[in-house]
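Novice: Structure provided below as structure tokens; questions to follow.
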Amino acid sequence: MTSAPAFSLQLPRVMGHRGAKALAPENTLASIAAAAATGVKWVEFDVMLTADGEPVLFHDETLKRTTGAPGTMAASPFELVRALDASLDFGRKYGRRVGAGFRGRADCRVPSLEEAVACLIEHSLTPNVEIKPTPGLAAETAEVALDQLQRLWPQDRLPPLISSFQRESLAAAKRVAPAWPRGFLAEGLPADWRAAMAELGCVSLHLNWRRVRQRDVAAAHAAGYAVAAYTVNGTRAARRLWGKGVDCLITDRPDRLLGLENAPEGAGR
Ligand code: G3P
Ligand code: MG
């Protein structure tokens, strides 16, 4: 018999993705501020280590897509990374206008985790910190990030939710911060999800929205887990997923999905 998770977690109905990726450059302070300006209460972002071991908000192994710089994050020291403007991809996809809460180009640099924490506290946001290690650094990335987060995060606030596709990262998170909730990230539901989630002490299951099946949501709920789907930007898909029982939608467009639940059918896109 699978035992129930040690914690239960009240996920929000809507969570910003990489801050609010469609409203400001992903994984930047501008993106966190833009998410806060929509009224969303939680944001997801990715954490990776620089060459000299500084945890920063970043998604890709290479610097090119978002900053235009050559090389990889794993080979780049923090001094270099912190000076990079991370708005290249945003500018190409969405035009140059950054959303509400924007205070200048400095907010579009690659932020350290420490800077992000200050910004989250300022905006009263709860983070879903996705550990996004470069190959070979799964445990170390979680250890460094969790060590720092435990020092910086105020004890009187909801603790961060730590998620990862890497089981080794979740195991390290469990060792370093056993009392903080963990989310099991997967594309679709793996065959061994029950054993893996129990072993890693996870409280939530985060699936690619295209792979979410109603019976999987029901099974996860019956086992005591909350279910999140990423990355959901359209209102029709959002309604369908809520209809399947998904608890939380992780979205580039929190402005579009917030409040949608109570809006009449046909509202929005
Ligand atoms: O945490 C949900 C989502 O961010 C996972 O995918 O590639 O956008 O980090 P990705
Ligand atoms: Mg992510």
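The numbering of the sequence shown is this note's numbering, which starts it at 22 and goes up by one.
Cβ coordinates follow ideal geometry from the N, Cα and C atoms, glycine included.
From a predicted model like this one, the values you see are computed outputs, not experimental measurements.
If you draw a straight line from the C-alpha of Ala27 to the C-alpha of Val150, how long is it?
Specialist: For the purposes of this step, residue 27 is taken as the residue at position 6 of the sequence shown. For the purposes of this step, residue 150 is taken as the residue at position 129 of the sequence shown. Model confidence at Ala27 stands at a pLDDT of 44, short of 50, so the residue's coordinates are unreliable; what they give is reported in the following sentence. Near 20 Å, if we compare the C-alpha coordinates of Val150 and Ala27.
Novice: Taking contact to mean 3 or more Cβ pairs, one atom from each stretch, closer than 8 Å, check whether the stretch 45-63 and the stretch 101-112 are in contact.
Specialist: The stretch 45-63 vs the stretch 101-112: in contact.
Novice: Helix, strand or coil for Leu278 per DSSP?
Specialist: Sequence index remark: in the sequence shown, residue 278 carries index 257 (1-based). Three-state result, Leu278: helix.
Novice: Heavy atom of ligand 4 less than 6 Å from the Cβ of Asp67, yes or no?
Specialist: In the structure shown, ligand 4 is absent; the only ligands present are ligand 1 and ligand 2.
Novice: Using a Cβ-based criterion (distance less than 6 Å to any ligand heavy atom), does Tyr115 qualify as near ligand 1?
Specialist: One-based indexing of the sequence shown puts residue 115 at position 94. Answer for Tyr115: no, Cβ out of range of ligand 1.
Novice: Got a sec: does ligand 1 put a non-hydrogen atom nearer than 6 Å to the Cβ of Ile53?
Specialist: Taking the sequence shown and counting its residues from 1, the one referred to as residue 53 is at position 32. No; taking the cut-off as 6 Å, the Cβ of Ile53 has no heavy atom of ligand 1 nearer than that.
Novice: May I ask you to verify whether the stretch 127-144 touches the stretch 95-104, counting CB pairs closer than 8 Å and requiring at least 3?
Specialist: They touch, by the three-pair rule.
Novice: Look at the alpha carbon of Phe66 and the alpha carbon of Leu30, and state the distance between them as a whole number of angstroms.
Specialist: Translated into the one-based positions of the sequence shown, residue 66 becomes position 45. Translated into the one-based positions of the sequence shown, residue 30 becomes position 9. Each residue's Cα considered, the two are about 19 Å apart.
Novice: Would DSSP call Asp128 helix, strand or coil?
Specialist: Counted from its first residue, the sequence shown places residue 128 at position 107. Here Asp128 sits in helix by DSSP.
Novice: Name the residue from Tyr251, Ala51, Ala58, Cys140 whose alpha carbon lies nearest to the alpha carbon of Cys129.
Specialist: As a first step, residue 129 is located in the sequence shown; it is residue number 108 there, counting from the start. The candidate whose alpha carbon is nearest that of Cys129 is Ala51.
Novice: With DSSP collapsed to three states, give me the class of Arg295.
Specialist: Residue coverage of the chain in this structure runs from 22 to 290, which leaves residue 295 outside it and unanswerable.
Novice: Quick check: the Cα distance between Arg196 and Ile183, rounded to an integer number of angstroms?
Specialist: The sequence position of residue 196 within the sequence shown is 175, counting from 1. The sequence position of residue 183 within the sequence shown is 162, counting from 1. Approximately 12 Å, taken between the alpha carbons.
Novice: Would Pro291 be called buried (16 or more neighbouring beta carbons within 10 Å of its own) or exposed?
Specialist: Residue numbering for the chain in the displayed model covers 22 to 290; residue 291 lies beyond these limits and cannot be assessed.
Novice: At a threshold of 6 Å, does Glu208 count as lining ligand 2 (C-beta to nearest heavy atom)?
Specialist: The residue you call residue 208 lines up with position 187 of the sequence shown. No, since every heavy atom of ligand 2 falls outside the 6 Å radius drawn around the Cβ of Glu208.
Novice: Who are the Cβ neighbours of Phe123 in its own chain at under 8 Å, not counting the five residues just before and after it?
Specialist: Mapped onto the sequence shown, residue 123 falls at position 102. For Phe123, where only same-chain residues beyond five positions count, the Cβ hits under 8 Å are Ala45, Ala51, Ala54, Ala55.
Novice: Hey, how far is the Cα of Lys153 from the Cα of Trp63?
Specialist: Your numbering for residue 153 matches position 132 in the sequence shown. Your numbering for residue 63 matches position 42 in the sequence shown. Their backbone Cα atoms lie some 18 Å apart in a straight line.
Novice: Flag Glu151 as yes when its Cβ comes closer than 6 Å to any non-hydrogen atom of ligand 1, and as no otherwise.
Specialist: In the sequence shown, residue 151 corresponds to position 130, counting from 1. Yes, the Cβ of Glu151 comes within 6 Å of a heavy atom of ligand 1.
Novice: How would you write the range of the alpha helix (DSSP H) that Glu151 sits in, first residue to last?
Specialist: Here the question's residue 151 lines up with position 130 in the sequence shown. Premise fails: Glu151 lies in the beta strand (DSSP E), 147-152, not in any alpha helix (DSSP H).
Novice: Roughly how many angstroms separate the alpha carbons of Ala217 and Arg126, rounded to a whole number?
Specialist: For the purposes of this step, residue 217 is taken as residue 196 along the sequence shown, with counting starting at 1. For the purposes of this step, residue 126 is taken as residue 105 along the sequence shown, with counting starting at 1. Each residue's Cα considered, the two are about 42 Å apart.
Novice: What is the residue span of the alpha helix (DSSP H) that Glu3 lies within?
Specialist: In the structure displayed, the chain extends from 22 to 290; residue 3 sits before or after that span and is not available.
Novice: Sorted by chain position, which residues of the same chain lie with C-beta nearer than 7 Å to Ala72's C-beta, five sequence neighbours on each side aside?
Specialist: Sequence index remark: in the sequence shown, residue 72 carries index 51 (1-based). The answer, listed in chain order, is Ala95, Ala96, Ser97, Pro98.
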